[in-house]
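Undergrad: Have a look at this one before I ask anything.
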Amino acid sequence: MTEIRDIMTKDVITINHNESVLKAAEMMSDLNIGCLVVEIDNKVCGIITERDIITKVICRNRNPKVTRVKEIMSSPLVTIHPLASLEDAVRIFNETGFKRLVVTSGDSLEGIVSTEDLIAAETRFIALLERYIQILKSRK
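In terms of the numbering used here, the sequence shown is residues 21 to 160.
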């Protein structure tokens with residue numbers, strides 16, 4: 021059975037909660053990513069996404085240079101364990117409406133998983149099943 025650790029992104033980029041939203045936006049742009057995990061004293065405390073910046077800063081005419089990440093981050097986090105099943109992730113995504121989950125084991129940040137990761141994993145699984153069915157059919 022596929023687990024979250026099999027499909028998650030392991031190299032997660034973090035930002036300190038006291039950094040400016042401008043710094044967060046620059047990091048996301050430079051690294052071509054859609055979110056950053058937020059930390060206080062090296063402990064995960066939230067997440068900030070491109071959508072957070074658009075809806076909570078840009079659309080409200082707030083200054084991204086002076087607005088701090090901690091003011092707009094999503095917190096508390098909804099997390100998932102790396103050994104959780106893909107079905108667990110689907111359930112959490114459906115219940116929360118979130119598109120990303122931070123993967124933690126205890127206090128340790130392990131990765132991040134998105135709805136896109138789940139779709140890609142399921143697509144690969146379906147392709148494998150189709151190949152298996154073709155092999156079975158060819159044996160008859």
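C-beta: ideal position from N, C-alpha, C; glycine also.
#1: What do you get for Ser128, buried or exposed, if any count of 16 or more other CB atoms within 10 angstroms of its CB means buried?
#2: Which residue wins for smallest C-alpha separation from Ile92, given the options Arg144, Val58 and Thr143?
#3: Helix, strand or coil: how does DSSP classify Asn114 here?
#4: Evaluate the contact criterion for the stretch 142-159 versus the stretch 48-63: three or more CB pairs, one atom per stretch, below 8 Å.
#5: Which complete alpha helix (DSSP H) runs does the stretch 90-160 hold, if anything under 4 residues is left out?
#6: With a CB to CB cut of under 6 Å and the five nearest residues on each side skipped, what residues in its chain are close to Thr34?
#7: Specify, as a first and last residue, the run of the beta strand (DSSP E) that Glu59 falls within.
#8: Put Arg216 into one of helix, strand or coil per three-state DSSP.
#9: Can you tell me whether Glu46 is helix, strand or coil according to DSSP?
TA: A quick look at the data gives this:
#1: Answer is exposed; the Cβ neighbour count stays below 16.
#2: Out of Arg144, Val58 and Thr143, Val58 has the C-alpha closest to the C-alpha of Ile92.
#3: Note: Asn114 maps to helix in three-state DSSP.
#4: No: fewer than three Cβ pairs fall under 8 Å.
#5: Qualifying alpha helix (DSSP H) stretches, in chain order: 106-116 and 135-159.
#6: Take Thr34, set aside five residues on each side of it, and the residues of its chain with a beta-carbon closer than 6 Å to its own are Val57 and Glu59, in chain order.
#7: From DSSP, the beta strand (DSSP E) with Glu59 extends over Cys55 to Ile60.
#8: Missing from the structure shown is residue 216; the chain here goes from 21 to 160 and no further.
#9: Look at Glu46 here: in three-state DSSP terms it is helix.
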